[in-house]
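The listed protein sequences derive, respectively, from chains A and B. Going by UniProt numbering, the first residue of the first sequence is number 1, and it counts up by one from there. Going by UniProt numbering, the first residue of the second sequence is number 1, and it counts up by one from there. Here's the structure, in structure tokens; my notes come after.
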Amino acid sequence: MSQCAAPSIDMVSNQACLLTFGQTINESTSNHIAQITQSLKHLEGVVDLVPSYTTLLVVFDDDCYDRFAIVKAIRHAIATIDPNKSTVADQREVVIPVYYHQEVGPDIDDVARHCQLSADEVIQRHHSTTYRAYAIGFTPGFAFLGNTPDELHVSRKSTPRLKVPIGSVAIAENQTAVYPSVTPGGWQIIGRTPINLIDWGSENLALIAMGDSVRFEPISKEEFLALGGQLDGF
Amino acid sequence: MAFKVIKPGLLALLQDLGRHGHQSIGLTTGGPMDEVAFRWANALLDNTPNAAQIEITFGMLSLEAQADTSIAITGADLGATLNGKSIMPWQTYPMRKGDLLAFHQPIWGLRAYLAVKGGFLCEPILGSVATVLREKIGGLTGKGDKLQKGDVLTYPTGLSHQQRSVPRRAIPNYGLKEIAVILGYQYQSFSPLERAHFFSSDYGISSNSDRMGYRLEGNAINSATKGIISEGIAYGAIQIPKDGQPIVLLRDRQTIGGYPKIGCVTRISGSILAQQKPGDVIQFTPITVDQAERERCLHMARLAQWR
């Protein structure tokens, strides 16, 4: 905590301000943001928090705070964070089972060709990395996970699909993600998970939270189907 | 008792002030596009500020009352009639069992708000009944559906009617085309010439505009930065994508994004913007955060004083 500089705070409107933690995407910045997000959750009059790679948007009740009071309250909350309480210790690891195969990952062969690897090597490299959830957004529960190994860097599809099936595991640039719901999408799809990433009935709602560490575990078609996986959707 | 939906209209949605506290998992807020009109409708009936209402976009909606109640209509004039007789927005009306309330087509503005005494009764999802079609959440079914023919919208009964109307000077002027913008922290990434363009140009509302965002068509604005690291998007943020045509992000906006932002529309001016139809023309005018605070204080004080 002590080695991280205090964020700059800029007013976005009369109900929101943006905390900026530098311009570099890395784990220590991400940890710092996760920690401050946790502490601001308990601040009265904070309506919403949107953490991302290097920033934290704080939406506040403008009946509680004006532009001076909110900055003061945030600075005070940050200053009183207990530096001995490490968030790294509380960091959760989420394991996502994935059925990697052309029938649910139609872009595997394109990715393999582009990366000059075999399809099996693409799969092996994808699941042997531990990722970090740097941001959640785009659609509820969609976690931007980084970083994929250098050999797997591939650009988005030139024409996005209009409908990406639920559970699709995809890569683009140096990131990977799972589509929590049916949406349009331009990432390269290499597999599918049978598990839900979003559940309005659960306590956490979303399986992956910002700051979590995430691993993918390859499963067979039989296991995928046994876990409730669906093969259709394309 | 309840209203029965006879004709569902183009887009009629149950809304409250929004679903807050879940943007960290990517869930948008929803809520009324015209918050000023929404707040007045609940104030007219002495409802709690968050009581659920119907946001009626464009019109073509008709409802039959199954029990006596009191309603308030604010926002756009959608040519509403009560048992065939024209009625004006920004006031309350008594409704008797069997009465037919209809909204036809926009005469002034685009979105009307229908509040009922005590508020519509609906099971909230994550603390709100706000309907978000894209995320399939909220509303009568909980699954983000707009109103359908045959839907039954229940409300508390046994509450008395009181004739009230919003003071004339407090009614927003939807003909006012100056939309107030708080200058953004990324303002510096636009050259003085680009800023001048932005504040001196006319922008037409694109037909691609919806509750997520209003797309504008006019002078393209160029940013010195191509993109930024994706960050949280506040209500009203004005994104400048690669083609330079501004997009004002509103109630159903995505939670994060990576385009530079020139500024942010306030909730009060966003309420005026949300009443503009495709093809209407607006201009932007800069204001400071303290001006926005003062404007908001005045609006809330008027509501409080009047209640």
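Just so it is clear, CB atoms sit at the ideal spot from N, CA and C, and this is done for glycine as well.
Interface with chain A (8 Å Cβ-Cβ cutoff): B:H20 is included. Within the model, the alpha-carbon separation for B:Q239 versus B:S206 is close to 15 Å.
One Cα belongs to A:I219, the other to A:D232, and the distance between them is close to 18 Å. Under a criterion of Cβ atoms nearer than 9 Å, no residue of chain A is adjacent to B:V152; the nearest Cβ is some 23 Å distant. Nearest C-alpha to A:H32 among A:G45, A:Y53 and A:S13: A:Y53.
What B:L27 touches in chain A, judged by beta-carbon distance under 7 Å, is P140, going in chain order. Only residues of its own chain outside the window of five on either side were considered, and among them G75, A76, D77, Y174 and Q275 have a CB closer than 7 Å to the CB of B:G109, listed in chain order. The Cβ atoms of B:G30 and B:Q15 sit closer than 8 Å to each other. Here the stretch 82-101 of chain B makes no contact with the stretch 132-148 of chain B; the two share fewer than three CB pairs at distances below 8 Å. Counting the other CB atoms within 10 Å of its CB gives B:R307 a total below 16, which places it among the exposed residues. Of the candidates A:W200, A:H101 and A:A170, the residue whose Cα lies closest to the Cα of B:G144 is A:W200.
Considering only B:A72, B:P246, B:E64 and B:S209, the residue with the shortest C-alpha distance to B:K7 is B:E64. B:E293: not part of any beta strand (DSSP E); member of the alpha helix (DSSP H) spanning V289 to W306, first to last residue. For A:C17, the enclosing beta strand (DSSP E) has its first and last residue at A16 to T20.
In this structure, B:I256 lies near B:S230, with their beta-carbon atoms less than 8 Å apart.
What A:P51 touches in chain B, judged by beta-carbon distance under 8 Å, is S24 and G232, going in chain order.
Per DSSP, B:Q91 lies in no alpha helix (DSSP H); the unbroken beta strand (DSSP E) holding it starts and ends at Q91 to M95.
Beta-bridge analysis with DSSP links B:F58 to no other residue. The contact set of A:T37 on chain B, defined by CB atoms closer than 9 Å, consists of S24 in chain order. Taking 8 Å as the cut-off, the Cβ atoms of B:Q66 and B:A12 do not count as close. A distance of 8 Å or more separates the beta carbons of B:Q91 and B:R168. Against B:I229, the close residues of chain A are Q23, I25, S52, Y53, T54 and T55, in the order they occur along the chain (beta-carbon pairs closer than 8 Å).
For A:L205, the neighbours in chain B by C-beta distance under 9 Å run, in chain order, H22, I25, L27 and L126. The beta-carbon of B:A292 is placed less than 8 Å from the nearest beta-carbon of chain A.
Using a Cβ-Cβ cut-off of 8 Å, A:L162 does not count as an interface residue toward chain B, since no Cβ of chain B sits closer than that to its own. Bounds of the beta strand (DSSP E) holding B:S70 are T69 to D77.
Contact with chain A is found for B:V289, since one of that chain's Cβ atoms lies less than 8 Å from the residue's Cβ.
With fewer than 16 other CB atoms across the displayed protein chains lying within 10 angstroms of its CB, A:A6 is exposed.
Excluding its 5 nearest sequence neighbours in each direction, A:H153 has C-beta neighbours in its own chain below 7 Å: E173 and N174, listed in chain order.
Linking B:K146 to B:F38 through their CA atoms gives a straight-line distance of about 18 Å. Under the rule that a run must span 4 or more residues, the alpha helix (DSSP H) segments found entirely inside the stretch 9-91 of chain A read 27-40, 67-79 and 87-90.
In terms of beta-carbon proximity, A:V95 stays away from the interface with chain B, with every pair separated by 8 Å or more.
Between the C-alpha atoms of A:D120 and B:L193 there is a straight-line separation of about 53 Å. Under the DSSP definition of a beta bridge, B:Q239 partners with B:I247 and B:K261.
Cβ contact annotation for B:N42 (same chain, cutoff 6 Å, sequence separation greater than five): P49, A51 and A115, in chain order. Using a 10 angstroms sphere on the CB of A:T139, the tally of other CB atoms reaches 16 or more, which defines it as buried.
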